[in-house]
Amino acid sequence: MKKLLILGAGTAGTMMLNKLDKKLDKKEWEITIIDKDDTHYYQPGFLFIPFGIYKPKDVVKSRKEFFPAGTHFIIDEVDKINGDDNKVILKSGEVLTYDVLIVATGTTPVPSETEGLMGPLWYKDIFDFYTFEGASLLAKKLENWKGGKLVINLAETTIKCPVAPLEFAFLADAYFTEKGIRDKVEINYVTPLSGAFTKPIATKMLSQLMEKKNIHVVPDFYLEHVDNDLKKIVSYDGMEVEFDLLVSIPTNMGADMVANSNMSDEDDLNFIPTNKETLQHKQHENIFVIGDATNLPTSKAGSVTHFEGEILIENILSFINGKPLEAKFDGHANCFIETGFGKAALIDFNYTTEPLPGQFPIPVLGPMGLLKETRINHMGKLAFKWIYWHMLLTGKSLPVSTNMSMTGKKAPKKEENKEKEEPQQEEVLL
Amino acid sequence: MDTLTINKSAIKVNEEGYFTDPSQWNEDIAVEMAKQQNIDLSEKHFEVLHFLRNKYAEEVPLTIRKVGKSGIVDIKEFYKLFPGGPLKISSKIAGIPKPVSCV
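Here the protein sequences line up with chains A and B, keeping their order. Heads up: the first sequence at position 235 corresponds to 235 in UniProt numbering, and the numbers run straight through without jumps. Heads up: the second sequence at position 50 corresponds to 50 in UniProt numbering, and the numbers run straight through without jumps.
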């Protein structure tokens, strides 16, 4: 029997398991999936928990619920991969061999990377919302909070779901407005980027929205440490922003296993150097990497993982059959951006095309407005939870093309192109 | 596209002053570029500039963190060498395009 091993049973791993289960001959292949526990979180739902829109229980299920019958599931942590010997060593000491390995170990916020972030105020006046614990505790905090300086800060530029911090700001504005205390809350959005977002046209639209909602953007702020005594965040070049309540998006890192396996990229963030088109590991041809675990230059997001999955299944089948890897990933990402008060915006982009305005045609669901706030986009965002559990995880195709399409998009006119060059809308990291 | 004349060489730059052809760069030109930013280039500066150019040539996306992990400078020292926006400023002096974000 040949062995296919999947490390990680999150969005990417579970989806690949279901796809492979349908395609691989069971007489020839044994598929095993490994994760540290049996809890699957609907991560896009974390955003809604602090505002009481979702309850914590709404986002938790058993991983096993989404596995095909007869799946071999090992609950253990991966210590390291030995790519030269085709072996995976588990924390328990067990050693597994593989013919093909899929790494889907994702990314996690690591607040301990920043001095003072996990100081005395952690989970008192400083919270994250990208974890189940952080989002749940923040919900309790916001319930009783009387107002003050709310600071939303991104510690690094590479983070999971890069639009979620913006959504948090918009939802916070709506939440405090509906509570009748918006005038007592000052919202500061403090980012290492040069503007609200990375890509010029989307940044322009989002900046206008921030201004309209009275959310103050502090750009080019690269967090060095958090001062718990004076309640302020301090940048490497000495800028300071005071907070009463800090909502932090900590540095995101790949799994420790990546560093143990000497597979980390050069910035020690533990993302794995991966071929951006074929999703093959850069050193080992029988290792493939998918989802947040890669170092691909696109968003770390569920939609990206879904599009990668459509490519990866083809390439793994080609690899197994000794054929060239012909399916190419184009970096396609597609994100709803909740903007509060029952509306959302939608962006669609890839490695080479930035988010553009226009219409996004989805069969059955109908056209959704790109880069504008609409109610139907919000309905789409909420409907995505059902799609996630019932279609995405189970490896079904969604009614959206894998490669990004220009259908319905409006390419920028000359004047808009020119605005690209203005410093406020730069595509710059720092 | 604009042209910048430094040490009698006509350098091709974009609207923001970043080199469009990194092969036009040399250390003397870097010294002049740095002067415009009120920076006197030391050996440390040059180590950083060469690191950036090498990484650019290898198509490695550049971030402040990556420079901080280079073993040449830590992030604080990087800010001291190129005050303001260290990655933007150093990339300009290193004669490579402005580092862009991926997402």
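Glycine is no exception: its CB is placed at the ideal position from the N, C-alpha and C atoms.
Within 8 angstroms of any Cβ in chain A, is that where the Cβ of residue 53 of chain B sits?
Not one chain A Cβ lies under 8 angstroms of residue 53 of chain B.
Check for me: the beta strand (DSSP E) holding residue 61 of chain A runs from which residue to which?
60 to 62 is the span of the beta strand (DSSP E), which, as asked, contains residue 61 of chain A.
Check this for me: beta carbons of residue 315 of chain A and residue 279 of chain A, under 8 angstroms apart or not?
In this structure, residue 279 of chain A lies closer than 8 angstroms to residue 315 of chain A by Cβ.
Spell out the partners DSSP gives residue 145 of chain A in its beta bridges.
In the DSSP output, where bridge partners are listed per residue, residue 145 of chain A has none listed.
Using three-state DSSP, classify residue 294 of chain A as helix, strand or coil.
Correct three-state label for residue 294 of chain A: strand.
Compare the C-beta of residue 97 of chain B against all C-beta atoms of chain A and say whether one is closer than 8 angstroms.
False, the Cβ-Cβ gap to chain A never drops below 8 angstroms.
Run the proximity test for residue 295 of chain A: is its beta-carbon closer than 7 angstroms to any non-hydrogen atom belonging to the ligand FMN?
Summarising the ligand content, the structure contains no ligands, and the ligand FMN is consequently not present.
If you drop the 5 nearest sequence neighbours on each side, which residues of the same chain put their C-beta closer than 6 angstroms to that of residue 135 of chain A?
Here the set comprises 46, 49, 50 and 129.
For residue 243 of chain A and residue 97 of chain A, what's the separation of their Cα atoms in angstroms?
For residue 243 of chain A and residue 97 of chain A, the distance between alpha carbons rounds to 51 angstroms.
Could you compute how far the alpha carbon of residue 191 of chain A sits from the alpha carbon of residue 25 of chain A?
C-alpha separation (whole angstroms): 49 angstroms.
State the DSSP-derived secondary structure class of residue 308 of chain A, mapped to helix, strand or coil.
Three-state DSSP puts residue 308 of chain A in a helix.
By Cβ distance, which residues of its chain are closer than 8 angstroms to residue 173 of chain A, with the 5 residues on each side in sequence left out?
Result list for residue 173 of chain A: 182, 187, 213, 214, 215 and 340, in chain order.
Kindly list the residues whose CB is nearer than 8 angstroms to the CB of residue 257 of chain A, restricted to its own chain and excluding five residues on each side of it in sequence; keep chain order.
Counting only Cβ-Cβ distances below 8 angstroms, and skipping sequence neighbours, we find 7, 77, 78, 79, 80, 81 and 105.
Following the continuous alpha helix (DSSP H) through residue 168 of chain A, name the residue where it begins and the one where it ends.
Element bounds for residue 168 of chain A: 164 to 179.
What number of angstroms, rounded off, separates the C-alpha of residue 175 of chain A from the C-alpha of residue 335 of chain A?
So the two alpha carbons sit approximately 22 angstroms from each other.
Would residue 494 of chain A be called buried (16 or more neighbouring beta carbons within 10 Å of its own) or exposed?
In the structure displayed, chain A extends from 1 to 430; residue 494 of chain A sits before or after that span and is not available.
Does residue 428 of chain A get closer than 8 angstroms to chain B when you measure Cβ to Cβ?
Reliability of the predicted coordinates at residue 428 of chain A is poor, the pLDDT of 31 falling under 50, and the value obtained from them is presented with this limitation in mind. Yes - at least one Cβ of chain B is within 8 angstroms of the one on residue 428 of chain A.
Measure the Cβ-Cβ separation of residue 66 of chain A and residue 305 of chain A and say whether it is below 8 angstroms.
For residue 66 of chain A and residue 305 of chain A, no; Cβs fall outside 8 angstroms.
Whether or not the region 35 to 44 of chain B and the region 233 to 243 of chain A are in contact is what I'm after, with contact meaning three or more pairs of Cβ atoms, one per stretch, closer than 8 angstroms; do they touch?
Because the criterion of three Cβ pairs below 8 angstroms is not met, the region 233 to 243 of chain A and the region 35 to 44 of chain B do not touch.
At what residues does the alpha helix (DSSP H) containing residue 79 of chain A begin and finish?
No alpha helix (DSSP H) contains residue 79 of chain A, which is instead part of the beta strand (DSSP E) from 78 to 82.
Would you kindly work out how many angstroms separate the C-alpha atoms of residue 121 of chain A and residue 142 of chain A, rounded to a whole number?
Their Cα atoms are separated by approximately 15 angstroms.
Can you tell me the Cβ-Cβ gap for residue 37 of chain B and residue 93 of chain B, rounded? I've got them flagged as a contact below 8 angstroms.
Contact flag correct, Cβ pair sits at about 7 angstroms.
How is residue 154 of chain A classed by DSSP in three states: helix, strand or coil?
Residue state, collapsed to three classes: strand.
Is it buried or exposed for residue 371 of chain A, if we count other Cβ within 10 angstroms and need 16 for buried?
Buried, since its Cβ has 16 or more Cβ neighbours within 10 Å.
How about the region 308 to 324 of chain A and the region 283 to 293 of chain A: do they share at least three Cβ pairs that are nearer than 8 angstroms?
Yes, the region 308 to 324 of chain A touches the region 283 to 293 of chain A.
Which partner residues does residue 235 of chain A have in the DSSP bridge list?
Paired residues: A/223.
According to DSSP, is residue 422 of chain A part of a helix, a strand, or is it coil?
Here the model assigns residue 422 of chain A a pLDDT of 39, short of 50, so the residue's position is not dependable, and the following value carries that caveat. Residue state, collapsed to three classes: coil.
How is residue 91 of chain B classed by DSSP in three states: helix, strand or coil?
Reduced to three states, the DSSP call for residue 91 of chain B is helix.
Since residue 54 of chain B is in the alpha helix (DSSP H), which residue starts that stretch and which ends it?
Run containing residue 54 of chain B: 43 to 57, per the alpha helix (DSSP H) assignment.
Looking only at its own chain, which residues have a Cβ that is under 7 angstroms from the Cβ of residue 89 of chain A, when we skip the five neighbours before and after it?
79, 80, 82 and 95.
Mind checking the region 45 to 70 of chain B against chain A and listing, in chain order, the residues whose C-beta falls within less than 7 angstroms of any C-beta there?
So the list reads 60, 61, 63, 64, 65, 66 and 69, given in the order they occur along the chain.
Pick out the complete beta strand (DSSP E) segments inside the region 64 to 136 of chain A, 3 residues or longer, and give them in chain order.
Listed in chain order, the complete beta strand (DSSP E) runs (minimum 3 residues) inside the region 64 to 136 of chain A are 72 to 75, 78 to 82, 87 to 90, 95 to 97, 100 to 103 and 107 to 109.
Listed in chain order, which residues of the region 148 to 167 of chain A have Cβ atoms closer than 8 angstroms to some Cβ of chain B?
Here the close residues are 156, 157, 158 and 162.
Could you tell me which residues DSSP puts in a beta bridge with residue 159 of chain B?
Only positions 1 to 103 of chain B appear in the structure, and residue 159 of chain B is not among them; the question remains open.
Any beta carbon of chain A sitting closer than 8 angstroms to that of residue 22 of chain B?
It does not: the Cβ of residue 22 of chain B has no partner Cβ on chain A nearer than 8 angstroms.
Is the Cβ-Cβ distance between residue 127 of chain A and residue 137 of chain A less than 8 angstroms?
Yes, these two residues count as a Cβ contact at 8 angstroms.
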